[in-house]
Each structure stands twice: as structure tokens, then as C-alpha cells.
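Numbering (my numbering), first residue to last: 103 to 627. Accompanying notes for the structure given below.
Pasting the structure below:
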């Protein structure tokens, strides 16, 4: 434990320094954009501070040092919070001064990646950007739901005693037969909301747990109307959550991969009438997802997976089809132990949506293609967004997406207690989120990176041999993934005794490498 505390204390001093810019920098073309579109008004922007924690490096170091997931979560969250608390003061003071003069209308500080959302005049934005604490100021761009390609009219009140065909296609029933249903696992989504009264979802909303008495906001994030019980402002979020974990308690009608899991959700998409959904709302929701109860020392409130069926069109960022300003926020969420999955998009050969098009490695961002799970051979859906992507460290194209799942005529929950079928990668993504929950039940020790590696390793290869730009590594196979996760669980344990050099018997330091099927974990004792 002393060693772990030492490693943590050293790594808490690490800041994100790979892309530091001089103070006074605005996002490319931001000034011109404001002058053209809103020269005399207040524009929503996000000010990114220069001094930030490299939470991804911190998390990897802690994992390699033998830290538990709870220890990793605590170290990451507290490091991020302490960094924000120690650096944002002068910037907030300047913002409040500008509010007094009417040049700033509102602001929202965030610790997830040391940023502050601001709505301000161009003059105020430039004044804030010129502060030495600021790295850059970016436009708070609008985000879109990945609308289903088609959706049937709702029907049926859960009186069908069946299993949705897509669940059969990914071999979920075989995992259920082993007792792996997602029991004890918490899942989450960022979507239009969820109908918390739907019979297939009601009993497993985590907010019913006595631990949440007086604190429904730990299980339901509503950024606009601040309701204390989940509802759906559309239909999309209820459908996607149904695919993650929906099942009728009375009839056995099962539409969810992990029907034993409990859920929380953030209703952030297409909310508030004409009020645009912007990046800040998502960043705030990701911060909530990282630590819903506000106590970094607890893990029971932290979901194993966050499902995202939304994204930006590439055209929304002229000259920046990658928008890497999302990347750090997502890295930090995964560093804290939450696996993040994205729908690839429904643009076919026009490319994946932002930020699912990130391809810095095969874990980030983990994008899901759509196949037809109702047809033999599981053909790729014509609408499913395809790679490659140039959102890579060196700008060279890499294969995207990562895996595939059923996304054509998927039957799931519809607000009001009924059901409907929809098609889109929005329907494929929650299949993978449910798969993460099953793998997590099979082996609670696994990190997000390990779980994603298992899903890729066990996917059923489709299309061109190996990884390709339509299917990724292929259709997820939940049963095989669970088997691999369990085999890794059998290898967990402690190495005891004195570690010496085989040649001369000397004591520390010596390196011990423990290798499982996926991936390799190496630590120095």
C-alpha cells in the first residue's frame, strides 16, 4: 500500500503537456466565426486551462502498479478535482468581473478536464483567452442525436414471451444460461432520457435503491428541468436503454442484453425545445457519470459502461473533422473506470461521426457498426458509417469502427410501456454496452481497456478477413467474451514471497510479468 501511495502522489503532479499552446489562443477560425454569425451577441465557448492532469497516464501507471479499480477511481477523480480547484480561481474571478459589466451571461466550471463553459461577447472571450492560465478557447458546438434510419409505430404492451432476435445473434442466451445476466452491474447512457415507468425498466432503475434515499440525482441527471425521476423527452433513450437491459418482469419478454443490470441515465439530447444541445452539456454529463454521488471514495454509484448514440456531423467542424477537444474528457472518464462506447453513425461511406471517429488506438473511441441480425450471415447495414479515419496520432488513416452489433429492425422499449422497432447504429451501440455489463459481471476486476480487448478478440469475423472498415473486428459474441473474462478471473491472485534475480540471488528491483490472453499486464516489484 505504501508503494501505491507513493506512485499515486508522484503521478498526481503529472499534467497534460503534449499540446500546450501560448495564452491568448482561440480555436482556429473562432474569431471569424463569431464576427460572421454573432458579432454583437454572446457566444457559448469553452475555455480550456493549460495546467491539466494526464489522467490516462495516471490510470495506466496505477493499474500496472497493482491498484484496484476503486483505488484507480479515487486517485483519478481526486487528482482532477484538486487540479481544477487550484488553478481555476483567477479565471473565475475575471469571468465574474466581466459578468458585472454584462459581457458574460453565465459560466460553468468543470473538473473532468479543467475547463470552464462561458457565454460571452467576443471582447470578453479574447480577454479571457489572453490570461496566462488559459491554453485555448473553443466554440461550444451543437451536438445531434443519431436519428434512427427507420422506426415503426409503437405497439404491444409487453405481452410477448420471447427474446429479441438481436440478442440471439450475439449469443446472449448462452451467457444467461451460465447465470451471467448483468446482475450486480450498473450501466448508463447519455440520451434523450428514459421512461422510468416502463415495465421492462422500472424495477431496475438504481434510484429505487435505499442507498439513494433523498438523492435521486445520483441516478438521474436532468440538466434542464431538474426532475427527480427519469423520463424521456423523445423516444430514443428508452429504446436504447431497453436494448442494454430491458426485460418484462411479468411475461419474460426480453429485449435487453444484460436484463439483470441496473441503470442510471443522463437526459441530455434534444432537450429544452429550441435550446441547442452543445458540447458543454455532454461534458457536464460525463463529469456526473464519473462520480454520480460526489464521493470519489465510493464505486457502487459508478457505472461500468456509458452508452452514446449521438455525435457531430463532420460538416459541423469545418477544417477539423476530428475535434480532439473531446478526447481528454473521454480519456478521463475511462481512466476512472467507465467503459465508453459510441454509435458509428448512419452516414455510410461518408465517415463516422465525431467523436466516434477517433482512432488514436483501438480502445479510443470504441465505435460500433450496425449489421442485420435478422438475416443469415449478418450483412452490414447500408447506412452504417464506415472507415477509415484520419483522427490518428500522425494523421494517417486507420481502420474504423471497432466491432459490430445488430442494428436493423431492432425491437425494444418505447415510452408509455409499449415497444417499437428501429434501425440505426444507435440500436447497435447499446448491444455492446449490454455486452460490457455481462463481461463485467463475469470478471469485476477488468478495466475498460481489458473489456474492449476481449470484445474485439472474441468477435465473429465478418467481411474481409480480419479488421476492416465496415465490420471492424466483426460481430460481438457475448458468450465467448464471458468465457474469456472468466478465464482471466481464474488467473487473478497474489504473488507472495521474496522476488530475487535468478542469476545471483539479489533482491529488489526485479520485474514480474503476468500474462493472460488479453492484454499483458506488467508490474515492477
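For glycine and all other residues, C-beta sits at the position ideal for the given N, C-alpha and C. Just so it is clear, the structure is predicted and the values come from calculations on it, not from any experiment.
The beta carbon of residue 132 sits closer than 6 Å to the beta carbons of 241 from its chain, once the five residues preceding and following it are set aside; these are given in chain order. Along the length of the region 448-509, whole beta strand (DSSP E) runs at least 3 residues long occupy 468-473 and 505-508, reported in chain order.
Here DSSP, grouped into helix, strand and coil, assigns residue 272 to coil. 8 Å or more divides the Cβ of residue 546 from the Cβ of residue 436. Taken in chain order, the unbroken stretches of alpha helix (DSSP H) that lie wholly in the region 123-184 and span 4 residues or more are 132-139 and 157-166. Residue 144 and residue 372 have their alpha carbons spaced roughly 22 Å apart. The C-alpha of residue 319 lies about 29 Å from the C-alpha of residue 193. The region 346-356 and the region 301-310 touch, with three or more beta-carbon pairs separated by less than 8 Å. With a beta-carbon spacing of about 11 Å, residue 182 and residue 161 fall beyond the 8 Å limit used to define contacts. In this structure, DSSP gives residue 287 a state outside helix and strand, which the three-state scheme calls coil. Remark: fewer than three beta-carbon pairs, one from each stretch, lie closer than 8 Å, so the region 167-177 and the region 204-223 are not flagged as touching. Counting along the chain, the unbroken beta strand (DSSP E) around residue 222 starts and ends at 217-222.
The alpha-carbon separation between residue 462 and residue 495 amounts to approximately 6 Å. The C-beta of residue 140 has fewer than 16 other C-beta atoms within 10 Å across all chains shown, which makes the residue exposed. A distance below 6 Å between beta-carbons, with the five flanking residues on each side excluded, links residue 321 to the following residues of its chain, in chain order: 308, 309, 314 and 366. Here residue 441 has 407, 538, 550 and 553 as same chain residues with Cβ atoms under 6 Å from its own Cβ, once five neighbours each way along the sequence are excluded.
Per the Cβ contact rule, the region 482-497 is in contact with the region 518-529 (3 or more Cβ pairs under 8 Å). Cβ contact annotation for residue 218 (same chain, cutoff 8 Å, sequence separation greater than five): 148, 149, 151, 190, 193, 194, 197, 209, 210, 211 and 212, in chain order.
Within its own chain, the residues whose Cβ lies closer than 6 Å to the Cβ of residue 468, once the five positions on either side in sequence are excluded, are 443, 504 and 554, listed in chain order. Residue environment for residue 566: exposed (fewer than 16 other C-beta atoms within 10 angstroms of its C-beta). Per DSSP, reduced to three states, the secondary structure at residue 191 is helical. Cβ-Cβ distances below 7 Å link residue 579 to 272, 273, 560, 561 and 562 in the same chain, with the five nearest sequence neighbours on each side left out; the list follows chain order. Listed as beta-bridge partners of residue 212 by DSSP are 217. Contact between residue 268 and residue 576 does not hold, since the beta-carbon distance rounds to 15 Å and is not under 8 Å. Here residue 388 is buried. Its C-beta has 16 or more other C-beta atoms within 10 Å. In this structure, residue 392 sits near residue 179, with a CB-CB distance shorter than 8 Å.
The alpha-carbon separation between residue 137 and residue 385 amounts to approximately 26 Å. About 5 Å separates the Cβ atoms of residue 470 and residue 534, confirming a contact at the 8 Å cut-off. Ranking 330, 205, 327 and 292 by CA distance to the CA of residue 340 puts 292 first. Note: residue 441 is bridge-paired with 407 in the DSSP secondary-structure output.
In this model, residue 275 and residue 431 are separated by some 35 Å (Cα to Cα). Around the beta-carbon of residue 142, fewer than 16 other beta-carbon atoms lie within 10 Å, marking it exposed. In this structure, the CA atom of residue 478 is about 22 Å from the CA atom of residue 522. The continuous alpha helix (DSSP H) containing residue 528 extends over residues 527-544. For residue 543, the number of other beta carbons within 10 angstroms of its own is at least 16, and it is reported as buried. Look at residue 322 here: in three-state DSSP terms it is strand.
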